[in-house]
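K.L.:
One structure, as structure tokens, below. Some questions next.
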Amino acid sequence: MAAYGNNVAAGAGHNQVLDRDLRGYLETNADILTVIEKPVSIDDIGALSAQSEGPIMFENINEYPDFRLCDILVKHRWSQCRALGVGQEDYLRTLAHRLRKPPRGFVDVDTGPVKEVVYTGDEVDWLKLPAPVHSAEEGQRYISAMNIVKDPETGFYNSSHAGTTPVGPRHGFMSFATPHTTIIMQKYRDMGINEMPIAIIFGVHPAYEIMANFSGTHMDMWGEMEMVGTIMDQDVEMVPCETIDLRVPAHAEIVVEGIVDVSKTFDVGGVNAPTGYFLPKEQNIPRIDLTAITMRSGKPIYRNHQTVPDTDHQPLPRLCHEAVLYNRISEIGLKVHDVRFPPWGAAVSCVIQVDYPRPGFVNDALMQTMGSPWLNTKMVVAVSPDTDIDDPGAVYRAIATRVDPACDMFVVPGTRGSLYEPSGELIPGHEPWRLVGKVGIDATAKPHRGETDYQEAFPVNWGKVKLEDYL
Ligand SMILES: [Mn+2]
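So the sequence shown is numbered by our numbering: it starts at -3 and just counts up by one.
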């Protein structure tokens, strides 16, 4: 599955100036894009997308002939690195470095491709967008695109990917699972404003999506949208909305404009968690009412994020976490080769790949990672550079062979559990929050316990002679 990353020639996929839009990105990165031209039903798109390891585009959807649909843009490092226009080996440190830079802001322009088609009033109907049902348990259509809201105090543009259930042509329910939107909605209420403008954006360059999922201390300095140009290392253009006081990416494929009534919430059904479970089974969330839809002409591309099983729904929200942890662990003094919330870790496990000068460093790095702000570090494993972090079997092998359970792992009971997986105890009176323990596992090679014992044996000419050459 890492074949692309290992086989592409040095320089492939590196574009010094990144494409401004998703169409350009897909063209530049055609070598890793799977294009499906055969007609498919919208009911099969989830199951088909989730079989692809790399970006996939459906050109002909039976029920929605006017749209294309793409997915799985950033599941693996070999595709994530294309979003920054750097090689796989440079991706994480590049993102980590750029996240420490000041916000570049965005460039205001009057109009852009996303205004080629404009629907307002009764013409607005988002049920015409190819939003699929993501699982039988959910049983209803689910929109997973990026959204933008404006902090009414600072004016900064905060972004997240709040799962949205469309239930009529012009309304739906939005699950704001991220703390910042919750804080911003409270600011509107405190100012006596019940109508929060919101824009939902489909089909942007994947760097927007990586940045939109940032989670950490930033609200007094910038919003995620002001940082997109920073991580792309180039200007991004924004256009004014038609019906609300908000600006949106000029080169997006589709933009939905609407208003969230922050004064009320509604009981709606459950949701597919990034862990792969149908949790929580009930949600109490606000309603959105649509005011406009604008889009590009010529078969606009609907960006779907199929949520289950292992897709880019697991890594995407955690790519900035990885970069923040890269910085924090580096500060301790370890050489960090990689930090990964792997798709096969169900969004509650993190693997750090490190070198370190002497005993003691790994436990500090494990504690730093386990104590991160996010609820995704229940099980943290440290490995050495000779363990293939892309291969779950290799990580398991390191745990099996390089860990003395009596001294290389430690458990911390009673920490903040994820509401998205069932292992923690529900906290009475605070449902769906859970209490859970965490485990740190040092599966690194330990030279101080015998250098040569940690060297694995391989055949002569391993990696040089290929069986395929003899077939
Ligand atoms: Mn935020």
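Cβ atoms here follow ideal geometry from the backbone N, Cα and C, with glycine treated the same way. These figures come from a predicted structure and were not determined experimentally.
Just to confirm, are isoleucine 480 and isoleucine 196 a CB contact at a threshold of 8 Å?
P.N.:
As shown, the chain starts at -3 and ends at 467. That puts residue 480 outside it, with no answer to give.
K.L.:
Run the CB neighbour count on tryptophan 503, radius 10 Å, all protein chains shown included, and call it buried at 16 or more, exposed below.
P.N.:
This structure cannot settle anything about residue 503, because the visible part of the chain is limited to -3 through 467.
K.L.:
With a threshold of 7 Å (Cβ to nearest heavy atom), would valine 214 be considered close to ligand 1?
P.N.:
Sequence index remark: in the sequence shown, residue 214 carries index 218 (1-based). Valine is not the amino acid found at residue 214; the sequence shown has histidine there. For ligand 1, at least one heavy atom lies less than 7 Å from the Cβ of histidine 214.
K.L.:
Relative to the C-alpha of threonine 365, which residue among Thr397, Asp382, His317 is closest?
P.N.:
The sequence position of residue 365 within the sequence shown is 369, counting from 1. Of the listed residues, the one whose Cα sits closest to threonine 365 is His317.
K.L.:
Quick check on the DSSP output: the alpha helix (DSSP H) that includes serine 326 runs from which residue to which?
P.N.:
As a working note, residue 326 is residue 330 in the sequence shown. Looking at the DSSP string, the run of the alpha helix (DSSP H) that includes serine 326 is 315 to 328.
K.L.:
Which whole runs of the alpha helix (DSSP H) in the stretch 318 to 392 are 4 residues long or more, in chain order?
P.N.:
Here the runs fully enclosed are 357 to 366.
K.L.:
If threonine 290 and valine 120 are in contact, beta carbons under 8 Å, what's the gap, nearest whole angstrom?
P.N.:
Here residue 290 refers to the residue found at position 294 of the sequence shown. Here residue 120 refers to the residue found at position 124 of the sequence shown. With a Cβ gap of about 10 Å, threonine 290 and valine 120 do not count as contacting.
K.L.:
Which same chain residues end up closer than 7 Å to aspartate 408 when comparing Cβ atoms and leaving out the 5 residues on each side of it in sequence?
P.N.:
The sequence position of residue 408 within the sequence shown is 412, counting from 1. The sequence given here has valine at residue 408, not aspartate. Same-chain partners within the cutoff: Met366, Gly433, Lys434.
K.L.:
Consider the C-beta atom of phenylalanine 274 and the heavy atoms of ligand 1; say whether any pair is separated by less than 7 Å.
P.N.:
Here residue 274 corresponds to residue number 278 of the sequence shown, with the count starting at 1. False, no ligand heavy atom lies under 7 Å from that Cβ.
K.L.:
Return helix, strand or coil for valine 200, following the three-state DSSP convention.
P.N.:
Along the sequence shown, one-based indexing puts residue 200 at 204. Coil.
K.L.:
Residues in the same chain with beta-carbon distance under 6 Å from arginine 336, minus the five sequence neighbours each way, listed in chain order, please.
P.N.:
Position 340 of the sequence shown holds residue 336. Once the five neighbours on either side are set aside, the close Cβ partners of arginine 336 are Val347, Ile385.
K.L.:
How big is the Cα-Cα spacing for valine 376 and leucine 123?
P.N.:
Residue 376 sits at position 380 when you count from the first residue of the sequence shown. Residue 123 sits at position 127 when you count from the first residue of the sequence shown. The straight-line gap from Cα to Cα measures roughly 41 Å.
K.L.:
If you follow the beta strand (DSSP E) that tyrosine 115 is in, where does it begin and where does it stop?
P.N.:
Here residue 115 is taken as the residue at index 119 of the sequence shown, counted from 1. Per DSSP, tyrosine 115 belongs to the beta strand (DSSP E) from 113 to 116.
K.L.:
Expressed to the nearest angstrom, what Euclidean distance is found between the alpha-carbon atoms of glycine 527 and glycine 425?
P.N.:
The displayed coordinates of the chain run from -3 to 467. Any statement about residue 527 would go beyond what the structure contains.
K.L.:
Quick one: Cα of cysteine 403 to Cα of asparagine 359, how far?
P.N.:
Locating residue 403 in the sequence shown gives position 407, where the first residue counts as 1. Locating residue 359 in the sequence shown gives position 363, where the first residue counts as 1. Each residue's Cα considered, the two are about 11 Å apart.
K.L.:
Whose CA, out of Leu467, Ile180, Thr107, lies closest to the CA of valine 256?
P.N.:
If you number the sequence shown from 1, residue 256 lands on position 260. Minimum Cα distance to valine 256 is reached at Ile180.
K.L.:
Extract the residue ranges of the alpha helix (DSSP H) inside the stretch 387 to 453, only unbroken runs of 4 or more that lie entirely within it.
P.N.:
DSSP runs (the alpha helix (DSSP H)) wholly in the stretch 387 to 453: 388 to 398.
K.L.:
Just reading off the alpha helix (DSSP H) that glutamine 182 is part of, what are its end residues?
P.N.:
Position 186 of the sequence shown, counting from 1, holds the residue named residue 182. Residues 175 to 186.
K.L.:
Just to confirm, is the Cβ distance from threonine 307 to alanine 46 under 8 Å?
P.N.:
What you label residue 307 is simply residue 311 of the sequence shown in a count that begins at 1. What you label residue 46 is simply residue 50 of the sequence shown in a count that begins at 1. Yes, the Cβ-Cβ distance between threonine 307 and alanine 46 is below 8 Å.
K.L.:
Serine 131: beta carbon under 7 Å from a heavy atom of ligand 1?
P.N.:
The count along the sequence shown starts at 1 and reaches residue 131 at position 135. Answer for serine 131: no, Cβ out of range of ligand 1.
K.L.:
My output table needs one value for glutamate 191: the three-state DSSP class, helix, strand or coil.
P.N.:
By 1-based counting over the sequence shown, the position of residue 191 is 195. It is a strand residue.
K.L.:
For the stretch 52 to 62 against the stretch 138 to 154, are there 3 or more C-beta pairs whose distance is under 8 Å?
P.N.:
Touching, no.
K.L.:
Just curious, the beta strand (DSSP E) that arginine 283 is in, first and last residue?
P.N.:
Locating residue 283 in the sequence shown gives position 287, where the first residue counts as 1. Here the beta strand (DSSP E) through arginine 283 covers 283 to 291.
K.L.:
Does the beta carbon of phenylalanine 54 fall short of 7 Å from some heavy atom of ligand 1?
P.N.:
Position 58 of the sequence shown, counted from the first residue, corresponds to residue 54. Because no heavy atom of ligand 1 lies under 7 Å away, the Cβ of phenylalanine 54 does not count as near it: no.
K.L.:
Given 7 Å as the limit, tell me if phenylalanine 210 has its C-beta closer than that to any heavy atom belonging to ligand 1.
P.N.:
Stepping through the sequence shown from its first residue, residue 210 is reached at position 214. Yes, since a heavy atom of ligand 1 falls inside the 7 Å radius drawn around the Cβ of phenylalanine 210.
K.L.:
Is it the case that the CB of histidine 469 approaches a heavy atom of ligand 1 more closely than 7 Å?
P.N.:
Residue 469 is absent from the model: the chain starts at -3 and stops at 467.
K.L.:
Would you check if there are 3 or more beta carbon pairs closer than 8 Å linking the stretch 26 to 43 to the stretch 218 to 226?
P.N.:
No, the stretch 26 to 43 is not in contact with the stretch 218 to 226.
K.L.:
For the beta strand (DSSP E) that glycine 254 lies in, which residues bound it at each end?
P.N.:
On the sequence shown, position 258 is the one that residue 254 refers to. It spans 250 to 257 - the beta strand (DSSP E) in which glycine 254 sits, taken as one unbroken run.
K.L.:
Once the 5 residues before and after aspartate 438 are set aside, which same chain residues still bring their CB inside 6 Å of it?
P.N.:
In the sequence shown, counting from the first residue as 1, residue 438 sits at position 442. Excluding positions up to five away in sequence, the list reads Val358, Ala378, Asp404.
K.L.:
Kindly list the residues whose CB is nearer than 7 Å to the CB of alanine 361, restricted to its own chain and excluding five residues on each side of it in sequence; keep chain order.
P.N.:
Reading the sequence shown from its first residue, position 365 is the one you call residue 361. Within the same chain, alanine 361 has close Cβ partners Ile325, Ile328, Leu330, Ile348, Val350, Ala378.
K.L.:
Could you check what DSSP says for asparagine 2 in three-state terms: helix, strand or coil?
P.N.:
As a first step, residue 2 must be located in the sequence shown, where it is residue number 6. Annotation note: pLDDT 37 at asparagine 2 (below 50); position unreliable, no value reported.
K.L.:
For arginine 137, which three-state DSSP category applies?
P.N.:
As a first step, residue 137 must be located in the sequence shown, where it is residue number 141. Strand.
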